[in-house]
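Peer 1: The structure that follows is given in the form of structure tokens.
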Amino acid sequence: MAVREQLIVSWQNRAGELANVCRVLSDVGINIEALATAEAGEYGAVRLVVDDVRMARAVFHKAQVAHTAIDVFVIELPNRAGSLADIAGRLSEEKINIEYFYSAVAPGVERALGVFKVSDPWRADEIANTMMEAND
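Note that our numbering has the sequence shown beginning at 18, numbered continuously upward.
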């Protein structure tokens with residue numbers, strides 16, 4: 018569990034935009050750990066968690082890729098029924114709003130990486146750490 022910086026890239030909704038963003042990062046060896054896209058008509062956005070956010074921001078700046086950054090709460094979730102319900106329920110009990118969430122996991126993999134945009138990522142991280150300690 019950790020609070021991480023998520024990059025948000027805005028673009029025109031047209032063929033090749035996602036490939037361009039991914040290529041800019043891969044050309045300098047930056048790994049994308051989590052990604053989600055959203056669209057609103059002619060425009061879209063990609064949300065990225067990468068292994069080197071400082072370098073990614075520099076590369077985006079050099080390539081004139083418009084982007085912003087925000088703090089998100091990132092957690093490894095067990096690949097089992099109820100794991101998302103457990104953390105979402107606990108955050109709700111603590112009055113932490115989940116604005117959006119994204120995740121994916123392949124069948125047979127033990128854990129998924131979950132990315133939460135929440136009202137208080139630092140408090141969410143504390144809560145998750147407490148939950149993990151209670152389960153040890």
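Note that CB positions come from ideal geometry on N, CA and C, so glycine has one too. Keep in mind that this is a model prediction, so the values were computed, not measured.
Helix, strand or coil: which one does DSSP assign to residue 97?
Peer 2: If DSSP states are grouped into helix, strand and coil, residue 97 belongs with coil.
Peer 1: Would you decide whether residue 141 is buried or exposed? Buried here means 16 or more other CB atoms lie within 10 Å of its CB.
Peer 2: Counting Cβ neighbours within 10 Å, residue 141 comes out buried, since at least 16 surround it.
Peer 1: Taking residue 46 as the reference, which of 67, 112, 34, 27 has the closest Cα?
Peer 2: The residue with the shortest Cα to Cα distance from residue 46 is 67.
Peer 1: Secondary structure at residue 106, three-state DSSP: helix, strand or coil?
Peer 2: Here residue 106 sits in helix by DSSP.
Peer 1: Among the residues of its own chain, which have a CB less than 6 Å from the CB of residue 80, if the five just before and after it don't count?
Peer 2: Closer than 6 Å at Cβ, skipping near neighbours: 41.
Peer 1: Could you check if residue 64 is buried or exposed, using at least 16 other CB atoms within 10 Å of its CB as the buried criterion?
Peer 2: By the 10 Å Cβ count, residue 64 comes out buried.
Peer 1: Among 135, 111, 83, which one has its Cα closest to the Cα of residue 29?
Peer 2: Closest by alpha carbon: 83.
Peer 1: From residue 132 to residue 34, what distance separates their C-alpha atoms?
Peer 2: Their Cα atoms are separated by approximately 22 Å.
Peer 1: Specify whether the stretch 86-99 and the stretch 119-130 touch according to this definition: at least 3 beta carbon pairs, one from each stretch, less than 8 Å apart.
Peer 2: Yes: at least three Cβ pairs fall under 8 Å.
Peer 1: Which value, in whole angstroms, describes the spacing of the CA atoms of residue 107 and residue 150?
Peer 2: The alpha-carbon atoms of residue 107 and residue 150 are separated by roughly 14 Å.
Peer 1: Could you tell me the alpha carbon to alpha carbon distance between residue 159 and residue 69, rounded to whole angstroms?
Peer 2: With the chain running from 18 to 153 in the structure shown, residue 159 is simply not present.
Peer 1: Does any C-beta atom of chain D lie closer than 8 Å to the C-beta of residue 47?
Peer 2: Reference to chain D is not applicable here, since this structure consists of a single protein chain.
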